[in-house]
Amino acid sequence: MKLRTLALLSFCVLLAACSKINQQNFSKLSTGMPKAEVEKLLGSPADCSGALGMSSCTWGDKNSFISVQYAGDKVLMFSGQGLK
Numbered sequence: 398m399k400l401r402t403l404a405l406l407s408f409c410v411l412l413a414a415c416s417k418i419n420q421q422n423f424s425k426l427s428t429g430m431p432k433a434e435v436e437k438l439l440g441s442p443a444d445c446s447g448a449l450g451m452s453s454c455t456w457g458d459k460n461s462f463i464s465v466q467y468a469g470d471k472v473l474m475f476s477g478q479g480l481k
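The sequence shown begins at 398 in the working numbering and counts up by one.
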């Protein structure tokens, strides 16, 4: 039973280390990129809001995040903080 617990704990640590919210993926973003391509790269956003054809989506948490602003379904600008 202890081996199973250790294996599960190791898997969780490994999964957390594989976050898509990192400097490498941030570097792949570019203006004009389609929203579908951003979501393929980063996964589903944690939060999105918008109006009048403009929207803003965020991935990550308050310490480490990527924020992307869209005009229609194309990247207008993006920023990141605490990326490794």
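Where is the CB? At the ideal position from N, CA and C, for every residue including glycine.
All values derive from a computational prediction rather than experimental measurement.
A check of alpha carbon separations from threonine 455 across Val465, Glu436, Gly447 and Lys432 identifies Val465 as the nearest. Comparing alpha-carbon positions, the option among Pro442, Asp444 and Ser453 lying closest to lysine 471 turns out to be Ser453. For serine 416, the secondary structure class from DSSP, reduced to helix, strand or coil, is coil.
With respect to glycine 457, alanine 448 sits apart: the two C-beta atoms are not nearer than 8 Å.
Ranked by how close their Cα comes to the Cα of serine 427, the residues Lys481, Tyr467 and Met451 have Tyr467 in first place. In this chain, the alpha helix (DSSP H) harbouring lysine 432 covers 432-439.
When the beta-carbon positions are compared, phenylalanine 423 and glycine 477 come within less than 8 Å of each other. Look at lysine 425 here: in three-state DSSP terms it is helix.
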